[in-house]
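S.K.: Per the numbering used here, the very first residue in the sequence shown carries number 1282; after that it's consecutive. Before I ask anything, here is the structure I am working with.
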Amino acid sequence: MKILLLIITLFLSGFFSGSEIAFVSVSRIQIEIWLRKKLKGAANAFYLSSQPERFLSTVLIGTNIVNITFASLITYYLQAYFNDFLIVLFNSAILLLLGEIIPKTICRKMARRWVRVLALPLRFFHLLFFPIIKAINFVVNGILIFLGQTQETTSSFFSRRDIEILIREGEQIGIVGKEEWKIISRLFRLSSRQAREIMVPRTEIVFVQITDSMAQVKKTFQQCSYSRLPVIEEDLDHICGIVHSADLLKKPSHLKQILRKATFVPESKRCFDLLRQMKKEKISLVILIDEYGGTSGLVTLEDIMEELFGDIQDEYDKEHQLFQLLRDGSIIADGRAEVRQINEQLNTSLPLGNYETINGLILQTVGRIPKTGEQIQIDHYRIKIIKASGKRVEIVNLRHQPFK
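Right, here's the structure in full:
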């Protein structure tokens, strides 16, 4: 009988601990979706999650009651055999391991499976503890009023995770189309990506110098086919403005007469924040600077829009595609091609890391610039260096095939 009482109280301690982490881990949106599908246990789960103080109060009161009961029982049973210090140590270890860590670990990893199962008994305990909960809430509200505070209501805003769950559910049942889901997914990704991840790198920036004659400026525009170019004084770390090709129609005698202000932003700026800034200030090109104040690249409005809607052929895009799937199943790629885009468009699984391009992947893996004709193995891909210079890998051939 003694052992049975200890097992029951310990089990209830684990139940309340697991219930707490399970309900915290599952989105309220997910529970509402279960409710609309009329899944078993969803109604009870929604009852508790719609007002979090219901299950929080129940869990806190239940945890304290069973833990105090367990501690009292084990002290009573063991005081004749051990000293107080050993009893406290044993009690704490058992409650921490079997009443907290293990139940919370299990319920956190399998929260979606356990929430609806735990909801019914948890609602029963809510009704059982209702008088105690009301009395505690009365005291708490009184203290808040005395301190001049009001009880906060539950926030009605959804988290990013809530929206993702809702949209994914809509896509699965056909309410949201696949293209709409792609755009929404890209929007979420855009909010976390930094400007340097989509920039035109410093080495590929075409520019004119402030001392260039108007004939030289026109020639540069004709050769590159861009409509906007940075204007530098000494080098790319000293950009003094932007010139638009349309302003050449004004027939200025000097570049300074049509020079527009350049906008500089840190390369770590979030793409979504940058998009809002560019729309607000009505600019279509910004210069990115690194932590030392040097120019690291530039970003156009089209670069950002590509992150939302896919490839858009803008003036800073290359005239040729940076990678292509060949008939034999291999991939020919420029060293500047982004690993993420190759994975997305060609369904490959090249490893991602602290780099953006194929060149960065190779350099981080082998720690040097491979020679032309050299072959290297990265995960399940054999990469043959078709062309390499002293500064970077220029063209590679990738094949999903291990060395023989």
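Ideal Cβ positions, reconstructed from N, Cα and C, are used throughout, including at glycine. Here the structure is a predicted model, which means the values were calculated and not measured.
#1: Since Val1420 and Ala1476 are thought to touch, with beta carbons under 8 Å apart, how far apart are those beta carbons, to the nearest angstrom?
#2: Spatial neighbours of Lys1321 within its chain, please: C-beta separation below 7 Å, excluding the five flanking residues on both sides.
#3: Where does the unbroken alpha helix (DSSP H) through Lys1390 begin, and where does it stop?
#4: Within 8 Å, do at least three Cβ pairs link the segment 1295–1306 to the segment 1373–1393?
#5: Closest to Leu1341 by C-alpha separation, out of Ser1331, Ile1413, Leu1377 and Gln1360, would be which residue?
#6: Count the other CB atoms within 10 Å of the CB of Phe1427; is the residue buried (16 or more) or exposed (fewer)?
#7: Starting from Phe1545, follow the beta strand (DSSP E) in both directions and report where the run begins and ends.
#8: Alpha carbon to alpha carbon, how far is Lys1563 from Val1487?
#9: Check for me: the beta strand (DSSP E) holding Phe1604 runs from which residue to which?
#10: For Ile1288 and Leu1642, I'd like the C-alpha separation in whole angstroms.
#11: In this structure, how does DSSP classify Thr1339 when only helix, strand and coil are distinguished?
#12: Three Cβ pairs or more, each shorter than 8 Å: is that satisfied between the segment 1465–1475 and the segment 1534–1551?
#13: For the 8 Å Cβ check, are there 3 or more pairs between the segment 1500–1513 and the segment 1606–1620?
#14: Kindly confirm or deny that the segment 1324–1338 and the segment 1354–1365 touch, where touching means at least three C-beta pairs closer than 8 Å.
#15: Use the C-beta contact count for Glu1334: other C-beta atoms within 10 angstroms, 16 or more gives buried, fewer gives exposed.
#16: Where Val1498 and Val1489 are concerned, what is the direct C-alpha to C-alpha distance, given to the nearest angstrom?
#17: Which term fits Leu1569, buried or exposed, when burial requires 16 or more other beta carbons within 10 angstroms of its beta carbon?
#18: Less than 9 Å between the beta carbons of Leu1579 and Met1559, yes or no?
#19: Report the residue from Asp1518, Tyr1636, Leu1409 and Met1282 whose alpha carbon sits nearest the alpha carbon of Gly1575.
#20: Closest to Arg1467 by C-alpha separation, out of Arg1621, Ile1664, Asn1345 and Gln1538, would be which residue?
#21: Measuring only the C-alpha atoms, how far is Leu1399 from Thr1386?
#22: What residue does the beta strand (DSSP E) around Gln1656 start on, and which one ends it?
#23: Residues in the same chain with beta-carbon distance under 7 Å from Arg1483, minus the five sequence neighbours each way, listed in chain order, please.
#24: Once you ignore the five residues that flank Leu1529 on each side, which residues in its own chain have a CB closer than 8 Å to its CB?
#25: Check each candidate in Met1480, Arg1680 and Leu1377 and name the one with the smallest Cα separation from Tyr1636.
#26: Give the range of the beta strand (DSSP E) segment to which Tyr1636 is assigned.
#27: Going along the chain, which residues of its own chain have a beta-carbon closer than 7 Å to the beta-carbon of Ala1669, five neighbours each way excluded?
#28: Within 10 angstroms of its Cβ, does Asn1640 collect 16 or more other Cβ (buried), or is it exposed?
#29: Quick check on the burial criterion: 16 or more other C-beta atoms within 10 angstroms. Buried or exposed for Thr1290?
#30: Is there at least one non-hydrogen atom of the ligand GTP closer than 8 Å to the beta-carbon of Ala1618?
#31: What span of residues does the alpha helix (DSSP H) with Ile1426 cover, start to end?
#32: Ile1368: which of Leu1377, Phe1351 and Thr1356 sits nearest, CA to CA?
#33: So what's Leu1510 in DSSP terms, helix, strand or just coil?
#34: Excluding five sequence neighbours on each side, which residues of the same chain lie with their C-beta closer than 8 Å to the C-beta of Leu1293?
#35: Ordered along the chain, which non-local residues of its own chain (more than five positions away) have a Cβ less than 8 Å from that of Leu1337?
M.R.: Inspection of the coordinates gives the following:
#1: Actually they are not in contact, since the Cβ atoms of Val1420 and Ala1476 sit about 52 Å apart, beyond 8 Å.
#2: Excluding sequence positions up to five before and after Lys1321, its CB lies within less than 7 Å of the CB of Arg1397, all in the same chain and listed in chain order.
#3: Boundaries of the alpha helix (DSSP H) around Lys1390: Ile1383 to Lys1390.
#4: yes
#5: Ile1413
#6: exposed
#7: Phe1545 to Pro1547
#8: 22 Å
#9: Counting along the chain, the beta strand (DSSP E) containing Phe1604 begins and ends at Phe1604 to Leu1606.
#10: Our two residues, Ile1288 and Leu1642, have alpha carbons roughly 55 Å apart in a direct line.
#11: helix
#12: yes
#13: no
#14: no
#15: exposed
#16: 7 Å
#17: Answer is buried; the Cβ neighbour count reaches 16.
#18: no
#19: Asp1518
#20: Minimum Cα distance to Arg1467 is reached at Arg1621.
#21: 15 Å
#22: Gln1656 to Ile1659
#23: Leu1517, Thr1576, Ser1577 and Gly1578
#24: Met1495, Val1498, Lys1499, Phe1502 and Ile1539
#25: Met1480
#26: Segment: none, Tyr1636 is in no beta strand (DSSP E) and carries neither H nor E.
#27: Ile1650, Pro1651, Lys1652, Thr1653 and Glu1675, listed in sequence order.
#28: buried
#29: buried
#30: The ligand GTP is not among the ligands present in this structure, which contains no ligands whatsoever.
#31: Element bounds for Ile1426: Phe1411 to Phe1427.
#32: Thr1356
#33: strand
#34: Gly1343 and Val1347
#35: Glu1301
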